[in-house]
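A.B. asks: The structure under discussion is supplied below as structure tokens; questions concerning it will follow.
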Amino acid sequence: MNNRDDRGVEWSFWLFMLAFFIVWMLRATVLFRIDASIESEVVRTFYSNAVKLLLWVVPVFIYLICVDKTDPLHYLKLSTRVDKLGLIAASMVSAAYFALIIVTSPLIGGRTIESLLMAQPATVARTLGLVSISPLWEEILFRGFVLHKLWSRARFWTANLISSLMFTMAHWPYWIYSRMALAGFARLSASIFVLGLLFGYVFKRTHSLWPAVVVHIVNNFLSSFLNG
């Protein structure tokens, strides 16, 4: 899949992303008190995902239809066929990454994999349900749209580095607002940046957004037990 062309990334894309970060900064700081006021975790998660759909996904579809005049599902690689050989390679790399996370988690203050293995089936199912929606919205914006746009002008790894940095930056407003300690801020930023690179790699090798979404869900699922 070679997405490079001679048009470059148009100014409208950068204006779009600037507007996104301004709106998201307000959402993740001043307006986050709405989330905090919702006592039920299920309702809070539903509300959060609904807001993220409105702010992360709907504008992307509008942009692709009205500005690029293209089919959003095809552009975002939501309707393309998965490359089977690429899927094997992406699965092996992802498995190696998750194995590393499981092994090192106790060494950096996290839990062992036993926290997942000993969990009740209802807890596992509930956790999986809670973490399965947001990754789709995030992958649509940062891999299907941002990475794809940047890749149209730059080499893949340059585009992947930039999109991963932007993905990391999207997490900063809430961390700053919540006064996260500098050490935790740096550690989480590095972790999310590496994850962004992994998701981008999976997207590239498989020619589809869905495997990246699955890897993202697996990561969030494991994190719920290893870091919870």
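Numbering (the working numbering), first residue to last: -3 to 224. Glycine is no exception: its CB is placed at the ideal position from the N, C-alpha and C atoms.
Using the Cα positions of T25 and V214, report the straight-line distance between them to the nearest angstrom.
C.D. replies: 27 Å
A.B. asks: Inspect the CB distances between the segment 160 to 170 and the segment 12 to 21 and report whether three or more fall short of 8 Å.
C.D. replies: The segment 160 to 170 vs the segment 12 to 21: in contact.
A.B. asks: CB F93 to CB L184, shorter than 8 Å?
C.D. replies: The sequence given here places Tyr at residue 93; Phe does not occur at that position. In this structure, L184 does not lie closer than 8 Å to Y93 by Cβ.
A.B. asks: Apply the 10 Å Cβ neighbour rule to P102 and answer buried if 16 or more other Cβ atoms are within range, or exposed otherwise.
C.D. replies: exposed
A.B. asks: Whole angstroms are fine: how far does the CA of K65 sit from the CA of L112?
C.D. replies: Counting only the Cα atoms, K65 lies some 45 Å from L112.
A.B. asks: How would you write the range of the alpha helix (DSSP H) that W133 sits in, first residue to last?
C.D. replies: S130 to E135
A.B. asks: Quick one: grab the DSSP three-state call for E37.
C.D. replies: helix
A.B. asks: Using a threshold of 8 Å, state whether the C-beta atoms of S159 and G192 are closer than that.
C.D. replies: yes
A.B. asks: Pop quiz: V78 and H203 are said to be a contact at Cβ under 8 Å. What is the actual Cβ separation, rounded to whole angstroms?
C.D. replies: 7 Å
A.B. asks: In the DSSP assignment, find the alpha helix (DSSP H) that holds W52 and state where it starts and stops.
C.D. replies: Careful: W52 lies outside any alpha helix (DSSP H) and carries neither H nor E.
A.B. asks: Over what stretch of residues does the alpha helix (DSSP H) that includes N223 continue unbroken?
C.D. replies: Segment: none, N223 is in no alpha helix (DSSP H) and carries neither H nor E.
A.B. asks: Exposed or buried, which one is K80 when buried takes at least 16 other CB atoms within 10 Å?
C.D. replies: exposed
A.B. asks: Measure from the alpha carbon of E134 to the alpha carbon of each residue in F217, V53 and Q116, then state which is nearest.
C.D. replies: V53
A.B. asks: Determine the closest residue to A115 out of L11, S8, W10 and L218, with distance taken between C-alpha atoms.
C.D. replies: The residue with the shortest Cα to Cα distance from A115 is L218.
A.B. asks: Where do the ends of the alpha helix (DSSP H) carrying H144 lie?
C.D. replies: H144 to W147
A.B. asks: Whose C-beta lies closer than 7 Å to the C-beta of L146 among residues of the same chain, with five residues either side of it excluded?
C.D. replies: If you ignore the 5 residues before and after L146, its C-beta comes within less than 7 Å of the C-beta of V5, A155, I158 and S159, all in its own chain and listed in chain order.
A.B. asks: Does DSSP put T25 in a helix, in a strand, or in coil?
C.D. replies: coil
A.B. asks: Specify, as a first and last residue, the run of the alpha helix (DSSP H) that E6 falls within.
C.D. replies: Element bounds for E6: n/a, residue is neither H nor E.
A.B. asks: Taking 6 Å as the limit between beta carbons, can you name the residues of its chain near T164, skipping five residues before and five after?
C.D. replies: S185, I188 and F189
A.B. asks: Quick check on this structure: which residue in F9, W206 and S33 has the alpha carbon closest to the alpha carbon of I129?
C.D. replies: The candidate whose alpha carbon is nearest that of I129 is W206.
A.B. asks: In the structure shown, what three-state DSSP assignment does D31 receive?
C.D. replies: helix
A.B. asks: Leaving out five residues before and five after L70 in sequence, what residues of the same chain have Cβ atoms less than 8 Å from its Cβ?
C.D. replies: A quick correction: the sequence has His, not Leu, at residue 70. Same-chain partners within the cutoff: T76.
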